[in-house]
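See structure below.
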Amino acid sequence: MATTILEITDLQKSYGHNTILKGINLQLLPGKITGLLGRNGAGKTTLMKCVLGLTANYKGSMTLNGRTLNTTDTQTKMKIGSLVDVQFYEDLNAYDNLMLSIRLIDSIPRKERRPMIQESLAFVELDNAAQKKVKNFSFGMKQRLALALSLITKPELLILDEPFVGLDPIGVEEVKVLLRKLCDERGTAILFSSHQMQEVCDLTDDILVLSNGVISYSDQNTHFENQQAHLIELMK
């Protein structure tokens with residue numbers, strides 16, 4: 002396994018005359034969870050969309066496993082999962098929603114689709130709800146279904162934008178357990194943004210703070226006393 006899953010060097014992104022990212026440098030390692038903090042408008046979602054190929058015309062370089070990141074390549078896309086702007090067909094069941102998505106990936110043989118979906122649903126503990134319509138899911142179940150969708154191809158990198166928003170305390174704990182399980186069992190590298198400081202402090206191996214278009218803070222998470230107050234101060 003590569004020592005670095007994702008490496009970003011001097012990433013810059015502007016919208017018109019408004020520069021959002023002024024030179025981002027970071028590395029994501031296998032089996033590590035990295036929390037991305039920043040105020041609203043700091044550029045967290047823009048950074049994630051650059052990695053996912055959802056926005057273009059940026060400057061700088063990004064590599065996945067040492068190769069230039071090319072999100073138009075099917076094999077590369079299969080190595081990256083995401084929880085960004087996920088939407089489902091509410092009148093379809095969980096299984097059919099995942100099948101619609103997996104059918105868009107030409108490189109996955111038809112005979113492998115069903116077992117891949119079943120394995121992904123089982124991983125997020127929704128296998129017993131596979132035939133249940135999504136409109137009858139709780140918010141927490143929808144969040145786990147979105148995670149199942151992102152995990153179908155067993156990606157090496159997972160990008161999550163506010164994965165805990167709207168979840169009750171039990172739902173938060175369930176997602177945290179699943180994310181840690183991903184790292185421990187599959188060696189997945191995870192980058193997630195969140196405004197929920199407690200979850201960032203509890204879950205992450207590394208913490209990044211995005212401020213004024215750059216990574217203003219980057220360090221291992223040492224879970225020190227008064228950590229949340231310190232991070233809030235760094236975000237100002």
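For the sequence shown, our numbering begins at 2 and goes up steadily by one. All residues carry an ideal CB built from backbone N, CA and C; glycine is no exception.
**OP:** Thinking L243 and V210 are a contact (beta carbons under 8 Å), I'd like their distance in whole angstroms, please.
**Re:** Past the boundaries of the shown model lies residue 243; the chain is included only from 2 to 237, so the question cannot be answered.
Original post:
Would the beta-carbon of I160 fall within 8 Å of that of V85?
Top reply: yes
Subject >> Beta-carbon proximity of S194 to L27, cut-off 8 Å >> reply: no
Original post:
With 16 other CB atoms within 10 Å as the buried threshold, where does F138 fall?
Top reply: buried
**OP:** With a 10 Å radius around its C-beta and 16 neighbouring C-beta atoms as the bar for buried, classify G44 as buried or exposed.
**Re:** buried
Subject >> 3-residue-minimum beta strand (DSSP E) runs that sit fully inside the stretch 104-184, ordered along the chain >> reply: 158-162
Subject >> Sequence-distant residues of its chain with Cβ nearer than 7 Å to A147 (five each side left out) >> reply: L84, V87
Subject >> Contacting residues, own chain, Cβ-Cβ under 8 Å from I21 (five flanking each side not counted) >> reply: K14, S15, G44, T47, G214
Subject >> Buried or exposed (CB count within 10 angstroms, at least 16 for buried), Q144 >> reply: buried
Subject >> Cβ pair L1, M198 closer than 8 Å >> reply: Residue 1 lies beyond the range of the chain shown here (2 to 237); nothing can be said about it.
Subject >> Ranges of the alpha helix (DSSP H) found wholly within the stretch 56-96, counting only runs of at least 4 >> reply: 75-79
**OP:** Grab me the residues of Q132's own chain with a C-beta within less than 6 Å of its C-beta, minus the 5 sequence neighbours each way, in chain order.
**Re:** N94
Original post:
For K78, which residues of its own chain have a beta-carbon under 7 Å away from its beta-carbon, when the five flanking residues on both sides are left out?
Top reply: T72
**OP:** Would you kindly check if the distance between the Cβ of L127 and the Cβ of M142 is under 8 Å?
**Re:** yes
Subject >> Nearest-angstrom beta carbon gap, Q221 and D203 [assumed within contact, 8 Å] >> reply: Not confirmed; about 15 Å, so no contact.
Original post:
Would DSSP call M2 helix, strand or coil?
Top reply: Note that M2 scores 46 on pLDDT, short of 50, meaning its location in the model is unreliable and no value can be drawn from it.
**OP:** Can you tell me the Cβ-Cβ gap for A99 and L150, rounded? I've got them flagged as a contact below 8 Å.
**Re:** With the sequence shown as reference, residue 99 is identified as Leu, and Ala is not the correct amino acid for it. L99 to L150, Cβ: 6 Å. Contact.
Subject >> Check whether E8 and T64 have beta carbons under 8 Å apart >> reply: yes
Subject >> Neighbour-count burial assignment, I25, 16 or more Cβ in a 10 Å radius >> reply: buried
**OP:** Going by DSSP, name the residue or residues bridged to K237.
**Re:** Paired residue(s): none; K237 is not in a bridge.
Original post:
Are the beta-carbon atoms belonging to V173 and E200 less than 8 Å from one another?
Top reply: yes
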